[in-house]
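First residue of the sequence shown? That's 1136 in our numbering, and the numbers climb one at a time after it. C-beta: ideal position from N, C-alpha, C; glycine also. These notes concern the structure reproduced below.
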Amino acid sequence: MELAQGDLGGWIDAYLDHLRVERALAPATLAAYGSDLARFAAHAEARGTVTAEALYGTVVSSFLAAADESPRSIARRLSAIRGLAKFLVRERVLKSDPAALVDRPKMGRRLPKHLGEDEVMRLLTAAVPTSFRGKRDRAMLYLLYASGLRVSELVGLRLGDVDLTRGVVIPLGKGQKRRIVPIGDLALGVLSEYLEARATRTTRGPTSDAVFVAQGMRAMTRQNFFKLIKRYARIAGITKPVSPHWVRHTFATHLLAGGADLRSVQAMLGHADISTTEIYTHVSSDHVKKAHRASHPRA
């Protein structure tokens, strides 16, 4: 089929309508797709009218090559174009998806963001344990940093998953796998204090056996904790976009910087593949380099 210059814009509009109505994409995502595809349409128009197959076989490559952007931005544009190509295949405008033959740009692995030790201390002490909520929030923050749990594992902890005698928690991780994670004396003390307060709480109706509970003894949710940690980061004067995963990254980075072996950190994080844990060695080696430059007389 011959795809004239005007036709491409029409098909892009149809594709965006499809994403909005049938896929219910968020307005911001739709706007990003629309912007990328509009740029692509302008690039295609500058190259003249071609068949649909030739358009996607040649114009995509030249469009991406002309973009003076990061690999991540180029990959996002290619993703939008591939989505449009698949839509055109389904609408029988294209017989096949030539955009699938275009290589995705290689992206450097993004180093995990983490907090400094001073920032961690400010975050941990931001929750004041003068109320039940304060004790709960402080226990969640301490436990998160002491264990490196995923946020889903933290809010998913049940009373039977905590062994105060051994000083460990046994979260249910990815793939429904459990692991034993030590939490250290400081977090153990804070958690014990919270659990004592929790045991005295009474409420009408059914209660949850979740370790961390909100109003009415219902289990805390991920959304609850995301809001909670961001609020305490503001109280602590931390301007970084702190999230539960930032604290998990911080846990791993600080362990390795302190001399922990990679296999132990892998086990505590619950990583199936050690290559996932190895990313933290790059962060801790940066820490070592900075310390070397600051301390070595010939650095």
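Where do the N-terminal and C-terminal ends of the alpha helix (DSSP H) with residue i fall, by residue?
i, result
"isoleucine 1129", "Lying before the first or after the last residue shown, residue 1129 is absent from the chain, which here runs from 1136 to 1434."
"glutamate 1180", "1162-1181"
"leucine 1278", "1267-1282"
"glutamate 1288", "1286-1291"
"glutamine 1401", "1397-1404"
"lysine 1362", "1357-1370"
"aspartate 1296", "Note, aspartate 1296: premise wrong, no alpha helix (DSSP H); not H, not E."
"aspartate 1408", "First-last for aspartate 1408: undefined, no H or E at that position."
"leucine 1259", "1252-1259"
"threonine 1388", "1379-1392"
"isoleucine 1147", "1140-1156"
Below 7 Å, is the gap between the Cβ of residue i and the nearest heavy atom of the ligand NAP?
i, result
"threonine 1265", "The model depicted lacks the ligand NAP and carries no ligand whatsoever."
What whole-angstrom Cβ distance do residue i and residue j have, given they're in contact under 8 Å?
i, j, result
"alanine 1176", "isoleucine 1147", "6 Å"
"threonine 1356", "valine 1303", "About 24 Å separates the two Cβ atoms, so there is no contact after all."
"isoleucine 1409", "leucine 1397", "6 Å"
"alanine 1371", "alanine 1281", "Not quite, the Cβ-Cβ distance comes to about 17 Å (not below 8 Å), so this is no contact."
"leucine 1294", "valine 1346", "6 Å"
Nearest CA to the CA of residue i: which residue from the options?
i, options, result
"leucine 1284", "Ile1318, Arg1273, Glu1252", "Ile1318"
"threonine 1181", "Ser1197, Ser1327, Pro1379", "In the sequence on display, residue 1181 carries alanine and not threonine. Nearest of Ser1197, Ser1327, Pro1379 to alanine 1181, Cα basis: Ser1197."
"leucine 1323", "Lys1362, Met1275, Tyr1367", "Met1275"
"leucine 1223", "His1406, Val1346, Leu1151", "Leu1151"
"histidine 1384", "Asp1408, Tyr1415, Val1297, Asn1359", "Tyr1415"
"valine 1316", "Gly1405, Gly1393, Ala1179", "Gly1405"
"proline 1264", "Glu1157, Ser1327, Gln1350, Ala1149", "Ser1327"
"isoleucine 1209", "Thr1337, Thr1338, Lys1362, Asp1171", "Asp1171"
"valine 1348", "Phe1361, Arg1333, Lys1362", "Arg1333"
"leucine 1219", "Ala1261, His1178, Gly1144, Lys1248", "Gly1144"
"glutamate 1226", "Ala1149, Arg1158, Thr1338, Val1325", "Ala1149"
"valine 1325", "His1249, Thr1412, Arg1268", "Arg1268"
"glutamate 1288", "Thr1300, Tyr1277, Arg1313", "Arg1313"
"leucine 1330", "Lys1221, Gln1358, Leu1278", "Leu1278"
"phenylalanine 1361", "Arg1336, Leu1154, Trp1381", "Trp1381"
"alanine 1179", "Asp1142, Val1156, Glu1157", "Asp1142"
"arginine 1174", "Arg1158, Ala1387, Leu1213", "Leu1213"
"arginine 1211", "Leu1250, His1249, Lys1248, Gly1169", "Gly1169"
Within 10 Å of its beta-carbon, does residue i have 16 or more other beta-carbons around it, so buried, or fewer, so exposed?
i, result
"glutamate 1252", "exposed"
"alanine 1163", "exposed"
"lysine 1270", "buried"
"glutamate 1254", "buried"
"serine 1109", "Limits of the chain in this structure are 1136 at one end and 1434 at the other, which puts residue 1109 out of reach."
"glutamine 1350", "exposed"
"valine 1377", "buried"
"serine 1231", "exposed"
"glycine 1308", "buried"
"threonine 1412", "buried"
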